[in-house]
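Asker:
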Ligand code: C2O
Ligand code: CU
């Protein structure tokens, strides 16, 4: 193309809506096999899957209200698809094979393009054979930046996961054995937090974005070396920062903290055998310019306030080991139905608000995730609680959620313990 032709096509571009040209940021994610140092340096490396040569994949930082285009190139030997977890995007970009797109075949590239409406902490992961592809490493942080930067010295991401591996770092290629699927799911033999930074200074104020990217593991966490507040859950700002008295994260959940650093920071998983160190942030020097100040709320989200529900539905989790019988044809079921069927769990008119009672009739906890929306958790008295995209329900408990289905399309609703999802605990809703 000569220079003149270039100018001519630029003029054509000029007639497109301005926002599309000026503000589209572009990314390229290559899904590929990688070798990663998951175990401590000096121990073995792990052959696994990742993006752009790394596991976790690169942290994508995009801006609220601005269009992003992400080319996903499949260099794997099998099909894949990428889901942008928690983003309220258009249905065709949700990354769910069968429901919203065709699988990206080996050698093919698909461009995902969307405008993220909420600033916050999100993540991306494979949504094809996901119990296996995520367990093999197909995950990465997706950060939607606020319009104005938050007043902190460092903005740090910590992605948590676990892997089932031998002592030398070799993955144990057993992702869906019946026993795990019927119990708490594939659980790793090694767990770790990947921090986006290794050092801070005493006196710093930091934002710490925790992402539980594990396929099945619930992380009860303890943090030392810093004190502060929880400022967001599942990417959505809390209207009031909240004390950190307990940190329990189901798979796929995110927690944003604002912390004042008093010493080296340690993030531990609490277990019956005592604390298990997931990761640490060392300290170098002292920050004596930062003035003490209360921790303010992050800018408010733009999600509609809770409205009165029309329909009231029940979604009953059934099956698994030590569970009752159910009519579904897999290990797990919702309302006697296993896996994605032609008929949705329910249909909603765009804009309709519904209450759904999530009943856990099984012997295991489940983290239930709805695509394309955030929903309010309700407490026992029916009071509106936090906005989430994934909610954890323990055995023999139930939780009411309230959701305004304002995003048209076919959206998955499933357990984010990915072993349970592949074992049948998945359905979808149709917003028409
Ligand atoms: Cu995090 Cu159905 O996905
Ligand atoms: Cu589950």
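Residue numbers (the working numbering): 9 to 440.
Cβ coordinates follow ideal geometry from the N, Cα and C atoms, glycine included.
1) Which one of 393, 420, 315 has the shortest CA to CA distance from residue 342?
2) If you measure between the beta carbons of residue 387 and residue 380, is that distance less than 7 angstroms?
3) Relative to the C-alpha of residue 76, which candidate in 101, 406, 348 has its C-alpha closest?
4) Which of the three DSSP states is assigned to residue 279 in this structure?
5) Under the three-state reduction of DSSP, which class applies to residue 139: helix, strand or coil?
6) Answer with buried or exposed for residue 349, where buried requires no fewer than 16 other C-beta atoms within 10 angstroms of its C-beta.
7) In whole angstroms, what separates the C-alpha of residue 427 from that of residue 196?
8) Quick one: Cα of residue 134 to Cα of residue 90, how far?
9) How about residue 317 and residue 362: are their beta carbons less than 7 angstroms apart?
10) Starting from the Cα of residue 356, find the closest Cα among 406, 437, 292 and give me that residue.
11) Taking the C-alpha atoms as reference points, what is the distance between residue 430 and residue 264?
12) Bridge partners of residue 109, per DSSP?
13) Would you check if the region 196-213 and the region 163-178 touch, i.e. whether three or more CB-CB distances between them fall below 8 angstroms?
14) Using DSSP bridges, identify the partner residues of residue 186.
15) On a Cα-Cα basis, can you pick out the residue from 108, 178, 38, 330 that is closest to residue 53?
16) So does residue 256 have its beta carbon nearer than 6 angstroms to some heavy atom of the ligand C2O?
17) Go through its chain and collect everything with a Cβ distance to residue 435's Cβ below 6 angstroms, but skip five positions before and after it.
18) In the DSSP assignment, what residue or residues form a beta bridge with residue 284?
19) Have a look at 331, 260, 369, 345 and flag the residue whose alpha-carbon is nearest the alpha-carbon of residue 139.
20) Would you kindly check if the distance between the Cβ of residue 78 and the Cβ of residue 120 is under 7 angstroms?
21) Going by the CB atoms, is the gap between residue 370 and residue 328 shorter than 7 angstroms?
22) Counting C-beta neighbours from all protein chains within 10 Å, is the total for residue 109 16 or more, i.e. buried, or is it exposed?
23) List the residues that DSSP assigns as beta-bridge partners of residue 384.
24) Under 6 angstroms Cβ to Cβ from residue 27, same chain only, skipping five residues before and after it: list those, please.
25) Closer than 6 angstroms is what we want: which residues have a beta carbon that near any heavy atom of the ligand CU? List them in chain order.
26) Verify the contact flag: residue 260, CB atom, against every heavy atom of the ligand C2O, threshold strictly below 6 angstroms.
27) Would you mind reading off the limits of the alpha helix (DSSP H) that contains residue 427?
28) Consider the Cβ of residue 288: report whether some Cβ of chain B lies at a distance smaller than 7 angstroms.
29) Over the uninterrupted beta strand (DSSP E) stretch that includes residue 249, give me the two end residues.
30) Who are residue 134's beta bridge partners in DSSP?
31) Taking the Cβ atom as the reference point for each residue, do residue 220 and residue 194 lie within a distance shorter than 7 angstroms?
32) Would you identify the three-state DSSP class for residue 206, choosing helix, strand or coil?
33) Sorry if obvious, but does the Cβ on residue 420 come closer than 6 angstroms to a heavy atom of the ligand MN?
34) According to DSSP, is residue 355 part of a helix, a strand, or is it coil?
35) Looking only at its own chain, which residues have a Cβ that is under 7 angstroms from the Cβ of residue 163, when we skip the five neighbours before and after it?
36) For residue 95 and residue 124, what's the separation of their Cα atoms in angstroms?
Answerer: This is what the structure gives:
1) For the purposes of this step, residue 342 is taken as residue 334 along the chain shown, with counting starting at 1. Among 393, 420, 315, the Cα nearest to that of residue 342 belongs to 420.
2) Indexing the chain shown from 1 puts residue 387 at position 379. Indexing the chain shown from 1 puts residue 380 at position 372. No, these two residues do not count as a Cβ contact at 7 angstroms.
3) Locating residue 76 in the chain shown gives position 68, counting from the first residue. Here the closest residue by C-alpha is 101.
4) Residue numbering aside, residue 279 sits at position 271 when the chain shown is read from its first letter. Reduced to three states, the DSSP call for residue 279 is strand.
5) Residue 139 sits at position 131 when you count from the first residue of the chain shown. Reduced to three states, the DSSP call for residue 139 is helix.
6) Position 341 of the chain shown, counted from the start, is the residue given in the question as residue 349. Residue 349 comes out exposed.
7) Your numbering for residue 427 matches position 419 in the chain shown. Your numbering for residue 196 matches position 188 in the chain shown. C-alpha separation (whole angstroms): 12 angstroms.
8) Here the question's residue 134 lines up with position 126 in the chain shown. Here the question's residue 90 lines up with position 82 in the chain shown. In a straight line, the C-alpha of residue 134 is about 5 angstroms away from that of residue 90.
9) As a first step, residue 317 must be located in the chain shown, where it is residue number 309. As a first step, residue 362 must be located in the chain shown, where it is residue number 354. Contact: yes.
10) For the purposes of this step, residue 356 is taken as residue 348 along the chain shown, with counting starting at 1. Nearest option by C-alpha distance: 437.
11) In the chain shown, counting from the first residue as 1, residue 430 sits at position 422. In the chain shown, counting from the first residue as 1, residue 264 sits at position 256. Their backbone Cα atoms lie some 29 angstroms apart in a straight line.
12) Counted from its first residue, the chain shown places residue 109 at position 101. BP columns for residue 109 point to 105.
13) yes
14) Reading the chain shown from its first residue, position 178 is the one you call residue 186. According to DSSP, residue 186 bridges with nothing at all.
15) Here residue 53 is taken as the residue at index 45 of the chain shown, counted from 1. For residue 53, the nearest C-alpha among the options comes from 178.
16) Position 248 of the chain shown, counting from 1, holds the residue named residue 256. Not under cutoff, so the answer is no.
17) Working through the chain shown from its first residue, we reach residue 435 at position 427. Around residue 435: 342, 353, 421.
18) Taking the first residue of the chain shown as 1, we reach residue 284 at position 276. Its beta-bridge partners are 277.
19) As a first step, residue 139 is located in the chain shown; it is residue number 131 there, counting from the start. Considering only alpha carbons, the answer is 260.
20) Working through the chain shown from its first residue, we reach residue 120 at position 112. Working through the chain shown from its first residue, we reach residue 78 at position 70. Yes. Within cutoff.
21) For the purposes of this step, residue 328 is taken as the residue at position 320 of the chain shown. For the purposes of this step, residue 370 is taken as the residue at position 362 of the chain shown. Yes, Cβ-Cβ distance for residue 328 and residue 370 is below 7 angstroms.
22) Along the chain shown, read from residue 1 onward, the residue named residue 109 stands at position 101. Label assigned to residue 109: buried.
23) Working through the chain shown from its first residue, we reach residue 384 at position 376. Beta-bridge pairing links residue 384 to 395, 410.
24) For the purposes of this step, residue 27 is taken as the residue at position 19 of the chain shown. Note that residue 27 scores 45 on pLDDT, short of 50, meaning its location in the model is unreliable and no value can be drawn from it.
25) 374, 423, 425, 428, 433
26) Within the chain shown, numbered from 1, the residue matching residue 260 stands at position 252. Result yes, Cβ under 6 angstroms from the ligand C2O.
27) Within the chain shown, numbered from 1, the residue matching residue 427 stands at position 419. Counting along the chain, the alpha helix (DSSP H) containing residue 427 begins and ends at 426-430.
28) Absence of chain B from the displayed structure is noted, only one protein chain being present.
29) Position 241 of the chain shown, counting from 1, holds the residue named residue 249. Here the beta strand (DSSP E) through residue 249 covers 244-251.
30) Indexing the chain shown from 1 puts residue 134 at position 126. Answer is 90, bridged to residue 134.
31) Against the chain shown, residue 220 aligns to sequence position 212. Against the chain shown, residue 194 aligns to sequence position 186. No, they are not a contact pair.
32) As a position in the chain shown, residue 206 is number 198, starting the count at 1. The answer is coil: DSSP assigns residue 206 none of H, G, I, E or B.
33) With respect to small molecules bound, the structure shown includes the ligand C2O and the ligand CU and not the ligand MN.
34) Mapped onto the chain shown, residue 355 falls at position 347. If DSSP states are grouped into helix, strand and coil, residue 355 belongs with the strands.
35) Locating residue 163 in the chain shown gives position 155, counting from the first residue. The residues are 215.
36) Counted from its first residue, the chain shown places residue 95 at position 87. Counted from its first residue, the chain shown places residue 124 at position 116. Residue 95 and residue 124: Cα-Cα distance of roughly 6 angstroms.
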